[in-house]
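Numbering (our numbering), first residue to last: 45 to 454. A virtual CB, placed ideally from N, CA and C, is assigned to each residue, including glycine. Just so it is clear, the structure is predicted and the values come from calculations on it, not from any experiment. This report concerns only the one structure given below.
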Ligand code: AMP
Ligand code: MG
């Protein structure tokens with residue numbers, strides 16, 4: 045494998061290394077309606093003109109502009125064109141036709157007058173008070189998009205908006221990167237599935253449930269999920285099974301305890317570390333590597349806050365890179381600090397925080413009460429990760445700080 049192991053790497057260094065070494069899997073072509081949440085592997089081009097025909101953009105009357113004199117006309121109404129129906133004959137001089145938004149413009153009509161500028165007279169005539177210009181309220185064929193025009197670039201995640209654009213462009217099949225197949229494994233003798241009664245010394249496995257949702261949100265497909273005790277042979281078997289996928293996301297047992305077996309077992313199974321420990325608080329035990337067979341491994345600390353923060357900072361980026369999304373430092377936003385913060389020590393830090401917008405649209409961010417990285421409630425209402433550089437002095441309330449938004453403010 046073509047990488048050096050980085051020890052105690054800073055977040056910036058980790059993102060750089062991931063950008064240098066992550067590659068998306070093989071693309072495949074699928075029906076567009078199945079592509080929600082997938083990332084485009086190739087540019088998507090429109091299969092037809094849009095609109096595919098000249099159409100009305102207002103409810104009103106299709107007319108010939110030459111019938112108008114000094115902003116007035118009296119024209120015979122020859123019928124109605126609703127949306128979805130084509131008028132079979134050309135529009136003759138001296139006539140008009142009622143037309144609805146989205147309906148095809150009859151041949152020889154060259155403008156639409158809004159119904160608000162018309163008045164129905166007797167004998168099937170309509171009187172107009174308007175000075176229409178040629179093309180008024182007509183959306184010409186191909187005026188928005190031409191056949192074969194670029195609609196969406198490779199690397200775009202398909203959401204409701206992009207899916208609608210693909211369908212409007214007549215695209216029926218798209219080339220996408222497959223969703224990474226992810227194995228999620230929590231390790232520790234003490235872990236018990238949610239809902240089960242705890243015996244002395246046990247806690248509920250809250251990391252698995254959080255990671256499952258985070259992995260799904262980033263487009264991963266969970267194919268293996270669960271817990272394994274810190275028993276070498278059981279753990280080895282579970283890790284090996286997990287490594288048959290695109291990504292193995294393992295939490296717990298990553299650091300220096302007597303039962304922290306995960307790094308050594310993974311090495312025995314052929315994993316090479318790209319990242320072996322991070323200069324990060326919390327997140328020192330973080331590891332990221334790759335197996336000989338090409339499975340990426342993200343090893344997260346077991347402490348719930350560290351686990352969530354490391355996944356959000358790096359696990360998410362690995363998953364995005366495997367799907368062909370841009371790889372790099374997540375966007376940081378400037379906000380006004382809502383509480384005093386102490387000086388930060390030697391390692392860069394990210395901590396659970398809440399951001400909001402003020403009455404003038406200004407952005408505020410406040411650290412949340414957080415009783416150490418083992419606090420399983422510390423991330424519960426976080427919608428931001430507040431960043432502190434290594435060695436910065438105390439920051440008073442009101443100072444500008446930076447954070448990674450995780451969600452919109454409530
Ligand atoms: P470890 O990283 O295995 O040394 O675990 C560090 C701390 O996190 C210990 O207090 C563990 O009990 C706790 N922990 C580990 N895994 C989980 C998990 N899946 N859910 C909740 N807490 C965990
Ligand atoms: Mg443990």
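Contact between the stretch 172-189 and the stretch 144-159 is present, with at least three C-beta pairs closer than 8 angstroms.
Beyond the five residues adjoining it in sequence on each side, residue 453 comes within less than 7 angstroms, by CB distance, of 399, 400, 401 and 427 in the same chain, given in chain order. In the structure shown, residue 380 falls within a strand segment according to DSSP collapsed to helix, strand and coil. Separation of the CB atoms of residue 299 and residue 195 is rounded to 48 angstroms, and the pair is thereby denied contact status at 8 angstroms. Counting only runs of 4 or more residues that sit fully inside the stretch 348-421, the alpha helix (DSSP H) segments are 348-354 and 360-366, in chain order. The beta carbon of residue 408 sits no closer than 7 angstroms to any heavy atom of the ligand MG.
Excluding the 5 residues flanking it on each side, residue 122 has same chain C-beta neighbours closer than 6 angstroms at 139 and 141, in chain order. Under the 10 Å beta carbon count, residue 359 is surrounded by 16 or more other beta carbons and is classified as buried.
Residue 404 and residue 442 have their C-alpha atoms roughly 15 angstroms apart.
Considering only 396, 406 and 342, the residue with the shortest C-alpha distance to residue 414 is 396. DSSP places residue 303 outside both helix and strand once states are collapsed to three, so it counts as coil. Selection 250, 233 and 239 evaluated against residue 274 yields 233 as nearest (Cα-Cα). For residue 282, the CB stays at least 7 angstroms from every heavy atom of the ligand AMP. In terms of side-chain proximity, the C-beta atom of residue 237 is found no nearer than 7 angstroms to any non-hydrogen atom of the ligand AMP. A distance below 8 angstroms between beta-carbons, with the five flanking residues on each side excluded, links residue 450 to the following residues of its chain, in chain order: 356, 426, 427, 428 and 429. For residue 71, the three-state secondary structure derived from DSSP is strand. For residue 86, same chain residues with a beta-carbon under 6 angstroms away, outside a window of 5 residues either side, are 198 and 219 in chain order. Look at residue 197 here: in three-state DSSP terms it is coil, with no helix or strand label. Boundaries of the alpha helix (DSSP H) harbouring residue 284: 276-286, taken from the DSSP string. In this structure, the beta-carbon distance from residue 343 to residue 330 falls below 8 angstroms. Nearest C-alpha to residue 103 among 62, 146, 74 and 136: 146.
Taking the Cβ atoms as the reference, residue 325 lies roughly 4 angstroms from residue 393, within the contact range of under 8 angstroms. Residue 238 and residue 308 have their alpha carbons spaced roughly 29 angstroms apart.
DSSP links residue 51 through a beta bridge to 320.
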